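Structure first, commentary second.
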Amino acid sequence: MASALGAPRLARAASSIVKPQGLVLQTSLKSLAPAMRIAARSAERVFAFDQDVGHLWLSQLDAGHAVRGQTLAGVSSGGALFGLEELLRDHGMRLAALVQLDTRALKVAGQPQWASAVSKRLDSAPDPVAAAMVEIAAGAPRFALPGLPAERFAAAPDGAAFAWIIAPDPRRPVFIATRSV
Amino acid sequence: MALPPNVSAQDFKSALDEFAKVVGPEWVLTSPQDLETYRDAYSPLKGEAEELVASAGVAPDTAEEVQAIMKIANKYGIPIYPVSTGKNLGYGGSAPRYSGSVVLDLKRMNRILQIDEHAGTVLVEPGVSYFDLYKYINDRGLKLWIDTPEPGWGSLIGNALDGGTGTSYGPYRDHFAAHCGMEVVLADGEMLRTGMGALPTQAGTWTQWRWGFGPWLDGLFRQSNMGVVTKMGFWLMPKPDAYRMGTVLLPRFADLEGLIEIKNYLEDTGNTQGHPLIVSPLVSSVGHLPGPLYFPVTANIPELEKEAQAKGGFWACMFQYYGSAKVIEAQWEYTKELYLKRFPDAKFVENHAFDLPIPTEEVIAKGINPVFLSIPSLTAFDLGNRSSTYPHPASGHMWFAPIIPRTGAAVLEVTRLVVEILKEHNIETSWFSPPVTYWPKAMVFQIGVPISDDPKKNAVLRQAFRQLIRECAARGFGEERTPPVFQDDVRSTYSFNDHILLRITEKIKDVLDPKGIISAGRYGIWPQHLRKKV
Numbered sequence: 008m009a010s011a012l013g014a015p016r017l018a019r020a021a022s023s024i025v026k027p028q029g030l031v032l033q034t035s036l037k038s039l040a041p042a043m044r045i046a047a048r049s050a051e052r053v054f055a056f057d058q059d060v061g062h063l064w065l066s067q068l069d070a071g072h073a074v075r076g077q078t079l080a081g082v083s084s085g086g087a088l089f090g091l092e093e094l095l096r097d098h099g100m101r102l103a104a105l106v107q108l109d110t111r112a113l114k115v116a117g118q119p120q121w122a123s124a125v126s127k128r129l130d131s132a133p134d135p136v137a138a139a140m141v142e143i144a145a146g147a148p149r150f151a152l153p154g155l156p157a158e159r160f161a162a163a164p165d166g167a168a169f170a171w172i173i174a175p176d177p178r179r180p181v182f183i184a185t186r187s188v
Numbered sequence: 130m131a132l133p134p135n136v137s138a139q140d141f142k143s144a145l146d147e148f149a150k151v152v153g154p155e156w157v158l159t160s161p162q163d164l165e166t167y168r169d170a171y172s173p174l175k176g177e178a179e180e181l182v183a184s185a186g187v188a189p190d191t192a193e194e195v196q197a198i199m200k201i202a203n204k205y206g207i208p209i210y211p212v213s214t215g216k217n218l219g220y221g222g223s224a225p226r227y228s229g230s231v232v233l234d235l236k237r238m239n240r241i242l243q244i245d246e247h248a249g250t251v252l253v254e255p256g257v258s259y260f261d262l263y264k265y266i267n268d269r270g271l272k273l274w275i276d277t278p279e280p281g282w283g284s285l286i287g288n289a290l291d292g293g294t295g296t297s298y299g300p301y302r303d304h305f306a307a308h309c310g311m312e313v314v315l316a317d318g319e320m321l322r323t324g325m326g327a328l329p330t331q332a333g334t335w336t337q338w339r340w341g342f343g344p345w346l347d348g349l350f351r352q353s354n355m356g357v358v359t360k361m362g363f364w365l366m367p368k369p370d371a372y373r374m375g376t377v378l379l380p381r382f383a384d385l386e387g388l389i390e391i392k393n394y395l396e397d398t399g400n401t402q403g404h405p406l407i408v409s410p411l412v413s414s415v416g417h418l419p420g421p422l423y424f425p426v427t428a429n430i431p432e433l434e435k436e437a438q439a440k441g442g443f444w445a446c447m448f449q450y451y452g453s454a455k456v457i458e459a460q461w462e463y464t465k466e467l468y469l470k471r472f473p474d475a476k477f478v479e480n481h482a483f484d485l486p487i488p489t490e491e492v493i494a495k496g497i498n499p500v501f502l503s504i505p506s507l508t509a510f511d512l513g514n515r516s517s518t519y520p521h522p523a524s525g526h527m528w529f530a531p532i533i534p535r536t537g538a539a540v541l542e543v544t545r546l547v548v549e550i551l552k553e554h555n556i557e558t559s560w561f562s563p564p565v566t567y568w569p570k571a572m573v574f575q576i577g578v579p580i581s582d583d584p585k586k587n588a589v590l591r592q593a594f595r596q597l598i599r600e601c602a603a604r605g606f607g608e609e610r611t612p613p614v615f616q617d618d619v620r621s622t623y624s625f626n627d628h629i630l631l632r633i634t635e636k637i638k639d640v641l642d643p644k645g646i647i648s649a650g651r652y653g654i655w656p657q658h659l660r661k662k663v
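If you're matching them up, the sequences are chains A and R in order. Here the first sequence is numbered in the working numbering, starting from 8 and rising by one per residue. Here the second sequence is numbered in the working numbering, starting from 130 and rising by one per residue.
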């Protein structure tokens, strides 16, 4: 049922961009933990945080501009995504793919079966992280959300999370270039 | 490409070409994708023809480039709207007050020019954010603290100039008051340095002695449009040895007055230095912030007082202390002593007491808002998520923030008034903060009025917001800041002696910026050629 809700749309979006080099995971989203574990297994780099994406930004993402020019995939709350989008925009990066996840529906659907399906698909996927993101999206009822970041708060249900990809945008200048201090 | 008002296509093209020669063509931003980033994410005019938008952006790297840009803008009459990091959501973001202005994007000017650990001072450019400064200090192991607002992605300079605050140690919370010296590029491209910066030879006192040799002009550049601030000094707090938080709980609705009176005394005598948080145990907590507080003026008070007994109290004040562990323990004991003297049934909670520093992970694990400990954070945005205490999230918000006296009576008066007006317009808000105690001698009654995606609803919100401004001002509760859309409305309320404050300000504006190219209309200050027409 989940695939019928439009997973191929995200798959196209994911395949049209560079392979994610880092995976950002908000570990406080407990119901997504199995999917996160699977995605993390094949990610080049994993950036995990619990509540405050600002701490992750300070300690890892912005440290030496660690993620400059890299494609990031992630699973987080809408608020954390909003913060990252705004910060990464000044590094010449943009939101490239987005799906909304209903974490409560995941509990109902049952995680083990879903996790198993994701695992099988990952074995044959040429791009494990991107595939994981597709599977995360496919594994739960969701819909794509257009518009400005703040508008997503209004549309998202209680307990919603987001799977997303933020990638370098060659049309976007890199504002935060060097710290000449 | 959209044109600035009253500028021909040829002149605009010529100006952009000349800007490109100054900053490089890649830093003249005209694509729809670039201009999208200068929209106000929380605009109350979102999607409407009147939405405030930029015609272009130009991003200089140095103050000298700013000077060159101002000369070109003057030559062609191009309206310019400087932003530092442009992330002041709820108060307008990067969107220009005068639609069609060119955003002067100062994010590339992100140098920390000078930091003095012993003096506790720093000199920065506008693109330096609280995140940047925090990281710089910690990477070098300096024994300094910053006072950061939440979220911490904003610019020190932008926040101070717009009247922003933080949430830690008292004397540093008012960010403009904690600044010392500035460099300003004026509309004609001239460069001004204030305070000790006016001395051609520097001995390090530019960021230490703010008054220089008079007059003190810095105030002209706060909440105004008289120049482009390209450098600013700030005072920083030495890292304290220990931190303590304790909560005072009082049982009755009527206790609010005494709660605030004693808090005021404790603050004014320096007994408590942290940001006191007035909350109510009757209200569930939303993240780090207290939840809605309008119930006391709409609900059955005796019933609530019964409920308060079970929850520990009707009102609470969370006190924060920084310094030597022994000293702040004594300060907390004195706090309790004062409350017990007046309220024998007062209760107390020992929230936290520990030596510093501690890792950020521990701060988060303890449930302490990191900003109380000088750590910039982004947790504020999760307050916008839908939850049981916030069932109908908005697409953003605009802050309504009148200054009120530090009394319980004022809190209740403005609460009643605001609740009545919002009800009249069927507006639901759960971001209805209790009085905010950022400032030393006054309080702010700050609420986030929700933005909708529906223009019809936003029209109602704007109407309600204007009514809030008028009716609060009529009782002496003037707004301290407001989104650009309402700056004329707030300006009109500061009307003593036939608006002499505005009339004098306009005279100064006309002298400093005769063509009116800098931030037309910002804080209700319009250049001569646009005055009364808007």
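Backbone N, C-alpha and C define an ideal beta-carbon position, used for all residues, glycine too. Quantities reported herein were computed from a predicted structural model and do not represent experimental measurements.
{"Check": "is_contact[isoleucine 497 of chain R, chain A] using C-beta, thresh 9 Å", "Outcome": "no"}
{"Check": "Selection from R/Pro329, R/Glu458 and R/Lys638 that minimises the alpha carbon distance to histidine 481 of chain R", "Outcome": "R/Glu458"}
{"Check": "Proximity to methionine 238 of chain R [Cα-Cα], best of R/Arg269, R/Leu271, R/Trp156 and R/Gly293", "Outcome": "R/Trp156"}
{"Check": "Minimum Cβ-Cβ distance from glutamine 67 of chain A to chain R less than 9 Å", "Outcome": "no"}
{"Check": "Any C-beta of chain A under 9 Å from that of glycine 256 of chain R", "Outcome": "yes"}
{"Check": "Residues of its chain near alanine 593 of chain R, where Cβ-Cβ distance is below 8 Å and the 5 sequence neighbours each way are ignored", "Outcome": "Ile550, Leu551, Glu553, His554, Ile556 and Val578"}
{"Check": "Under 8 Å by beta carbon: chain R residues contacting arginine 44 of chain A", "Outcome": "Residues of chain R passing the Cβ test: none, with the nearest at roughly 21 Å."}
{"Check": "Alpha helix (DSSP H) segments (min. 4 residues) lying fully within the region 426 to 499 of chain R", "Outcome": "430 to 440, 454 to 471 and 489 to 494"}
{"Check": "Exposure of phenylalanine 625 of chain R, with buried meaning 16 or more beta-carbon neighbours within 10 Å", "Outcome": "exposed"}
{"Check": "Own chain partners of serine 172 of chain R with C-beta closer than 6 Å, once the 5 adjacent residues on each side are dropped", "Outcome": "Glu180"}
{"Check": "Option nearest glutamine 196 of chain R by Cα separation, candidates R/Leu321, R/Thr611 and R/Leu346", "Outcome": "R/Leu321"}
{"Check": "Cβ neighbour criterion (16 or more within 10 Å) applied to proline 133 of chain A", "Outcome": "With a pLDDT of 47 at proline 133 of chain A, under the threshold of 50, the predicted position of this residue should be treated as unreliable, though the coordinate-derived value follows. Proline 133 of chain A is exposed by the Cβ-count criterion."}
{"Check": "Inter-residue spacing [alpha-carbon to alpha-carbon] between leucine 406 of chain R and glycine 215 of chain R", "Outcome": "28 Å"}
{"Check": "Simplified DSSP assignment, three categories, for valine 663 of chain R", "Outcome": "Reliability of the predicted coordinates at valine 663 of chain R is poor, the pLDDT of 44 falling under 50, and no value is obtained from them."}
{"Check": "Where tryptophan 64 of chain A meets chain R, residues with beta-carbon distance less than 8 Å", "Outcome": "Phe260 and Leu507"}
{"Check": "Contacting residues, own chain, Cβ-Cβ under 7 Å from tyrosine 205 of chain R (five flanking each side not counted)", "Outcome": "Val136, Asp140, Ser143 and Ala144"}
{"Check": "Min CB distance phenylalanine 54 of chain A to chain R below 9 Å", "Outcome": "no"}
{"Check": "Proximity test, Cβ basis, 9 Å: serine 284 of chain R and chain A", "Outcome": "no"}
{"Check": "Outcome for phenylalanine 561 of chain R when other beta-carbon atoms lying within 10 angstroms are tallied against a minimum of 16", "Outcome": "Per-residue confidence for phenylalanine 561 of chain R stands at a pLDDT of 45, beneath the threshold of 50, marking its modelled position as unreliable; the derived number appears in the next sentence. Buried."}
{"Check": "Which of helix, strand or coil DSSP assigns to glutamine 592 of chain R", "Outcome": "helix"}
{"Check": "For alanine 248 of chain R, three-class secondary structure by DSSP", "Outcome": "coil"}
{"Check": "Whether lysine 465 of chain R touches glycine 442 of chain R by CB criterion (9 Å)", "Outcome": "no"}
{"Check": "Contact with chain A by tryptophan 364 of chain R, beta-carbon distance below 9 Å", "Outcome": "no"}
{"Check": "Interface residues of chain A facing alanine 371 of chain R [CB-CB closer than 9 Å]", "Outcome": "Ordered by position in chain A, no residue passes the 9 Å Cβ test against alanine 371 of chain R, which lies about 22 Å from the chain."}
{"Check": "Other residues of its chain near aspartate 146 of chain R: CB distance less than 6 Å, five sequence neighbours each side excluded", "Outcome": "none"}
{"Check": "Exposed unless 16 or more other CB atoms sit within 10 angstroms - verdict on alanine 89 of chain R", "Outcome": "Lying outside 130 to 663, the shown extent of chain R, residue 89 of chain R is not represented and no answer is given."}
{"Check": "Short CB-CB distance (under 9 Å) between proline 175 of chain A and chain R", "Outcome": "no"}
{"Check": "Cα-Cα separation between glycine 229 of chain R and valine 640 of chain R, rounded to whole angstroms", "Outcome": "24 Å"}
{"Check": "Straight-line gap, alanine 306 of chain R to phenylalanine 363 of chain R (C-alpha atoms, nearest Å)", "Outcome": "9 Å"}
{"Check": "Proximity test, tyrosine 451 of chain R beta-carbon vs the ligand HEM heavy atom, cut-off 8 Å", "Outcome": "Absence of the ligand HEM is noted for the structure shown, with no ligands found whatsoever."}
{"Check": "Counted within 10 angstroms of its Cβ, other Cβ atoms place isoleucine 646 of chain R as buried (16 or more) or exposed", "Outcome": "buried"}
{"Check": "Cβ-based neighbour list, leucine 630 of chain R, same chain, cut-off 6 Å, excluding 5 preceding and 5 following", "Outcome": "Tyr623"}
{"Check": "Identity of the residues DSSP links to leucine 105 of chain A by a beta bridge", "Outcome": "A/Trp171"}
{"Check": "Buried versus exposed, by CB contacts within 10 Å (16 or more), glycine 343 of chain R", "Outcome": "exposed"}
{"Check": "For alanine 185 of chain R, the first and last residue of its enclosing beta strand (DSSP E)", "Outcome": "185 to 187"}
{"Check": "Candidates R/Val547, R/Pro161, R/Leu315 and R/Glu542: closest to tryptophan 528 of chain R by CA position", "Outcome": "R/Val547"}
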